[in-house]
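Heads up: the protein sequence lines correspond to chains A and B, in order.
Position 237 (the first sequence) corresponds to 237 in our numbering; numbering is contiguous.
Position 293 (the second sequence) corresponds to 293 in our numbering; numbering is contiguous.
By construction, the Cβ of each residue, glycine as well, lies at the ideal position given by its N, Cα and C atoms.
Computed from a prediction, not measured in an experiment: that's the story for all the values here.
Inspection log for the structure reproduced underneath, given as structure tokens.
Protein chains: 2
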Amino acid sequence: MAKYAGARTRPVICFSDVVLFLGGAFMSLILVWSFFSFYSISPNLTVKTNETSAKCSPEIDMKYDPTDPVYYDEPDLTYTIEKPVKNWDEKRRRWLNLHPSFIIGAENRTVMVTGSQSAPCKNPIGDHLLLRFFKNKVDYCRIHGHDIFYSNALLHPKMNSYWAKLPAVKAAMIAHPEAEWIWWVDSDALFTDMDFTPPWHRYKEHNLVVHGWPGVIYNDRSWTALNAGVFHMGNCQWSMELIDTWTGMGPVSPEYAKWGQIQRSIFKDKLFPESDDQTALIYLLYKHREVYYPKIYLEGDFYFEGYWLEIVPGLTNVTERYLEMEREDATLRRRHAEKVSERYAAFREERFLKGERGGKGSKRRPFVTHFTGCQPCSGDHNKMYDGDTCWNGMIKAINFADNQVMRKYGFVHSDLGKTSPLQPLPFDYPDEPW
Amino acid sequence: MAKYAGARTRPVICFSDVVLFLGGAFMSLILVWSFFSFYSISPNLTVKTNETSAKCSPEIDMKYDPTDPVYYDEPDLTYTIEKPVKNWDEKRRRWLNLHPSFIIGAENRTVMVTGSQSAPCKNPIGDHLLLRFFKNKVDYCRIHGHDIFYSNALLHPKMNSYWAKLPAVKAAMIAHPEAEWIWWVDSDALFTDMDFTPPWHRYKEHNLVVHGWPGVIYNDRSWTALNAGVFHMGNCQWSMELIDTWTGMGPVSPEYAKWGQIQRSIFKDKLFPESDDQTALIYLLYKHREVYYPKIYLEGDFYFEGYWLEIVPGLTNVTERYLEMEREDATLRRRHAEKVSERYAAFREERFLKGERGGKGSKRRPFVTHFTGCQPCSGDHNKMYDGDTCWNGMIKAINFADNQVMRKYGFVHSDLGKTSPLQPLPFDYPDEPW
Chain A
1 MAKYAGARTR PVICFSDVVL FLGGAFMSLI LVWSFFSFYS ISPNLTVKTN ETSAKCSPEI
61 DMKYDPTDPV YYDEPDLTYT IEKPVKNWDE KRRRWLNLHP SFIIGAENRT VMVTGSQSAP
121 CKNPIGDHLL LRFFKNKVDY CRIHGHDIFY SNALLHPKMN SYWAKLPAVK AAMIAHPEAE
181 WIWWVDSDAL FTDMDFTPPW HRYKEHNLVV HGWPGVIYND RSWTALNAGV FHMGNCQWSM
241 ELIDTWTGMG PVSPEYAKWG QIQRSIFKDK LFPESDDQTA LIYLLYKHRE VYYPKIYLEG
301 DFYFEGYWLE IVPGLTNVTE RYLEMEREDA TLRRRHAEKV SERYAAFREE RFLKGERGGK
361 GSKRRPFVTH FTGCQPCSGD HNKMYDGDTC WNGMIKAINF ADNQVMRKYG FVHSDLGKTS
421 PLQPLPFDYP DEPW
Chain B
1 MAKYAGARTR PVICFSDVVL FLGGAFMSLI LVWSFFSFYS ISPNLTVKTN ETSAKCSPEI
61 DMKYDPTDPV YYDEPDLTYT IEKPVKNWDE KRRRWLNLHP SFIIGAENRT VMVTGSQSAP
121 CKNPIGDHLL LRFFKNKVDY CRIHGHDIFY SNALLHPKMN SYWAKLPAVK AAMIAHPEAE
181 WIWWVDSDAL FTDMDFTPPW HRYKEHNLVV HGWPGVIYND RSWTALNAGV FHMGNCQWSM
241 ELIDTWTGMG PVSPEYAKWG QIQRSIFKDK LFPESDDQTA LIYLLYKHRE VYYPKIYLEG
301 DFYFEGYWLE IVPGLTNVTE RYLEMEREDA TLRRRHAEKV SERYAAFREE RFLKGERGGK
361 GSKRRPFVTH FTGCQPCSGD HNKMYDGDTC WNGMIKAINF ADNQVMRKYG FVHSDLGKTS
421 PLQPLPFDYP DEPW
């Protein structure tokens, strides 16, 4: 073999050649790593399995349930109201760790729970109203991406009426470990601001949110100090224990009659003679302030739940006020997919509603309008209202809310008192006169 | 500088060194590429923006709507039934491309649409039944991740009764560009198999799926050849044109009366004298077979929609059959989060239902039970049934379906005729005798 100048005979691979080769390999690995680092995401929670697919999984995986034991496999754990659940935080966390596709988005994930009695309503239009109230909640949940569960059968034969919500909420907590929050909303409460998302960050140190005022508990000692018909409850051990304590003042308790007496003795304006869930909750805050007050947020800043009687008369003015915002701002008039409604809610918030609180006298639409005292199902409304004021008020509020939904389908109820037919909206409404 | 044996002086980098270096780089790139090929996913649709975040975005982005013009910005496009929509496929595709977070999962994304009249029902229990039927649909959608929209106001004053669905479906198509399918389900149709997902892949060359049989159209010429009360419609231009043609045989058409005559002359068993949506659709398949038959799938293999009268008597047997499967298979007894129900549906399918079709005489639960002829809202049921058979059948079917839901909340209706209270389920049900 002829050798030319510069060539060398190498019967073995020498060290410097290996160094060169590895140097090339290392350099390209550095380049590749830099490229992917630019795009990588690191989840906050520890995941044990499927970490790569969790990072890039576009959706929750409803077809995946590993065989690793979780709390569902514990014979002692029941969904029922009587048996306390222990270590719920650890149980939920383990389930989430084993189902990492549910971790992303977990911190605000909410299941709404509502319900009504199992038998047809005594009020001839009762079920019709309940149906429309349910549709309203389904609309709100669809717009904001929440699941919703309607409970219309008692989970405990004795826990009926306003007590029926507690077993339903507890069962929902256990059935939905992926949910961080359970949002109970009474059947006679309506979402009248489809755009609004409550300021959840405000409540991150709390486990229960209700509409209420501390002064009315501690100074006035009134049973109306908060409303237990709408609450946002963390899916955690603290809440499980609250439910147990709360239930202990209800109809399954051997001391049920005693609790009624205690509540009446402290809260002189209590409406129902027997122990009721709302007064019971106020009682806990009143008597055991140091335990409960730090964890229950009494939201008085906006209509987390609002009294219909003071809200309904103003609805036409609110409609006009919001249309005025839209006449001023072409972005708010822009038609869009229902699924991106939150973008336009944010525009409006930024442009017109910043710093605006939400209660009585506010510029905002009322968030939730609650027809307390109307009793649409039985028809046995509080005698201080006449029935028609209740039913007409409901139709008006339902159509007011529905206008915000139907807007995304191109239609409106131009008369809030008339449900059907709808009127088609012209392009660039409400700028176009029509 | 002393030189040792084997060392050489290299004042320049020589070709073989470069080859070695690049060889190392290339080798490691090959290794890295092989590794990632093993895990790579390539989306089918072309995306123009935000491709990287779409790949790793865990959820749809409801807060993003770019200012690039889309069909919503075209003054000529309306949601109303009278004005045809053109180029809908291009319009939807552009919207999707501008909202890439919606692309992943788009191919099966479905919005369910249902509804009922706007006024209270004449039948005293009518609205109560409608409420329960609506809850049933909401349950099915929650389990399978579909959105649902309830329409209870006419979008066109003349398109009422069974014609009201078309304007609602069209408006929903325009409001939900992210949805590939709109699934219309009548208010009196019930999901009686909460586990079942129709075989959507079977219909990928079609744009409309209904329960029906070609022989009954082309040989028998019967108005019962298909049922227009439950259909799965692609959100596409073909469907927009079908809706236009279909509407053209309805009450807004100047030829409405003529269409009634034409339908009666061909379909001798037609029930309603005037043109109805079901006979109109059969007419299109009959008269213009070459246009419509290739694109409308007549699904006769299972109860895509099933006649209640032949289904309800067998429901107790079906319950027992499914419990028997669970007694045999511990996996099917395993409690789990509602959100992973599809996993257990797949287990049961694999173990017990493979190859099983779904119509009359099948081992399967009936998928959809449709109470045709019962008219729960007006109460004006077909005289061939008595009212109680209808209402009692409905309660039984509703509770049969609800048992599948409540199982995930730890409860059951042990008597299908009795809605409340529920009975708590023991651990390892139904293996534990109780």
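Residues bridged to residue i [DSSP beta-bridge criterion]
i: H112 (chain B); result: As written in the sequence, residue 112 (chain B) is Met, which differs from the His given in the question. M112 (chain B) is bridged to B:I148 and B:W183.
i: I296 (chain B); result: B:L208
i: Y307 (chain B); result: B:H370
i: F427 (chain A); result: The partner list for F427 (chain A) (beta bridge, DSSP) is empty, contrary to what the question assumes.
i: A189 (chain A); result: A:H370
i: F461 (chain B); result: Here chain B covers residues 1 to 434 and nothing more, so residue 461 (chain B) does not appear.
i: F448 (chain B); result: Absent from the structure is residue 448 (chain B), since the part of chain B shown begins at 1 and ends at 434.
i: F411 (chain B); result: B:P424
7 angstroms Cβ shell around residue i - same chain, five flanking residues per side excluded
i: E310 (chain A); result: K360
i: W200 (chain B); result: N108
i: V405 (chain A); result: D139 and M194
i: A225 (chain A); result: G212, W213, V216, I217 and I282
i: I182 (chain B); result: V111, V113, V169, A172, M173, M233 and N235
i: L332 (chain B); result: M325, E326, Y344, F347 and R348
i: K408 (chain A); result: E338 and S341
i: G373 (chain A); result: H381, N382 and Y385
i: P424 (chain A); result: G410 and F411
i: S414 (chain B); result: Q423
i: V318 (chain A); result: R365
Chain-ordered chain A contacts of residue i [CB-CB under 8 angstroms]
i: Y22 (chain B); result: Inspection of the sequence shows that residue 22 (chain B) is occupied by Leu rather than by Tyr. Neighbours of L22 (chain B) on chain A, chain order: G24.
i: T78 (chain B); result: G410, P424 and F427
i: Y72 (chain B); result: R334, R335, H336 and A337
i: V230 (chain B); result: Ordered by position in chain A, no residue passes the 8 angstroms Cβ test against V230 (chain B), which lies about 19 angstroms from the chain.
Chain-order list of residues whose beta-carbon lies under 6 angstroms from that of residue i (same chain, five-residue window excluded)
i: K55 (chain B); result: With a pLDDT of 40 at K55 (chain B), under the threshold of 50, the modelled position of this residue cannot be trusted; read the value that follows with caution. Around K55 (chain B): no qualifying Cβ.
i: K48 (chain B); result: In this prediction, K48 (chain B) has a pLDDT of 31, which is less than 50 and means its spatial position is unreliable; what the coordinates show is noted afterwards. Around K48 (chain B): N97.
i: S239 (chain A); result: N207 and M233
i: V85 (chain B); result: M240
i: W259 (chain A); result: M249 and S275
i: S118 (chain A); result: N152 and A153
i: N160 (chain A); result: L154
Under 8 angstroms from the C-beta of residue i: neighbouring residues of chain B
i: P124 (chain A); result: P120 and P124
i: A172 (chain A); result: Y409
i: R142 (chain A); result: D147, I148 and F149
i: A444 (chain A); result: Since the first residue of chain A shown is 1 and the last is 434, residue 444 (chain A) is not available in this structure.
Cutoff 8 angstroms; reference residue i; Cβ partners in own chain excluding five residues on either side
i: W246 (chain A); result: L166, D277, A280, L281 and L284
i: H370 (chain A); result: D186, D188, A189, L190, N227, G229, V230, E305, G306, Y307 and W308
i: T46 (chain A); result: In this prediction, T46 (chain A) scores a pLDDT of 32, lower than 50, which makes its location untrustworthy; the coordinate-derived value is nonetheless stated afterwards. Here the set comprises N97.
i: I148 (chain B); result: V111, M112, V113, T114, K137, V138 and C141
i: N87 (chain A); result: Q237
i: S42 (chain B); result: Note that S42 (chain B) has pLDDT 35, beneath the 50 cutoff, so the model's placement of it is unreliable and the number below is only indicative. Closer than 8 angstroms at Cβ, skipping near neighbours: no residue.
i: E180 (chain A); result: A106, E107, N108, R109, T110, G234 and N235
Contact set between residue i and chain E, taken where Cβ atoms lie within less than 7 angstroms
i: P75 (chain A); result: The question asks about chain E, but that chain is absent: this structure's protein chains are A and B.
Contact list for residue i against chain B, beta-carbon separation under 7 angstroms
i: S420 (chain A); result: S118, A153 and L154
i: V113 (chain A); result: Under the 7 angstroms cutoff, chain B gives no residues; its nearest Cβ is about 10 angstroms from V113 (chain A).
i: F134 (chain A); result: L131 and F134
i: K63 (chain A); result: E342, R343 and A346
i: E262 (chain A); result: Per the sequence shown, residue 262 (chain A) should be read as Ile rather than Glu. The contacting residues do not exist; I262 (chain A) stays about 28 angstroms from chain B at best.
i: S28 (chain A); result: A25, S28 and L29
i: E444 (chain A); result: As displayed, chain A neither begins before 1 nor continues past 434, which places residue 444 (chain A) out of reach and without an answer.
i: D17 (chain A); result: L20
i: D127 (chain A); result: D127, H128 and L131
Where residue i meets chain A, residues with beta-carbon distance less than 9 angstroms
i: M249 (chain B); result: Neighbours of M249 (chain B) on chain A: none; closest Cβ ~21 angstroms, over 9 angstroms.
Partner residues on chain A for residue i, Cβ-Cβ distance less than 7 angstroms
i: P157 (chain B); result: P421
i: V252 (chain B); result: Correct list: empty, because the minimum Cβ distance to chain A is about 12 angstroms.
i: V138 (chain B); result: V138, I148 and Y150
Members of the segment 321 to 346 of chain B that neighbour chain A once the beta carbon cut-off is set at 8 angstroms
R334, R335, H336, A337, E338, K339, V340, S341, E342, R343, Y344 and A346
Taking the runs of the alpha helix (DSSP H) that are 4 residues or longer, which of them lie wholly in the segment 218 to 283 of chain B?
237 to 247 and 256 to 266
Along the segment 86 to 98 of chain A, what residues have a CB closer than 8 angstroms to any CB found in chain B?
Listed by position along the chain: W95.
Using a Cβ-Cβ cut-off of less than 8 angstroms, list which residues of the segment 354 to 382 of chain B approach chain A; keep chain order.
none
Runs of 4 residues minimum, wholly inside the segment 120 to 171 of chain A: which ones carry the alpha helix (DSSP H) assignment?
126 to 144
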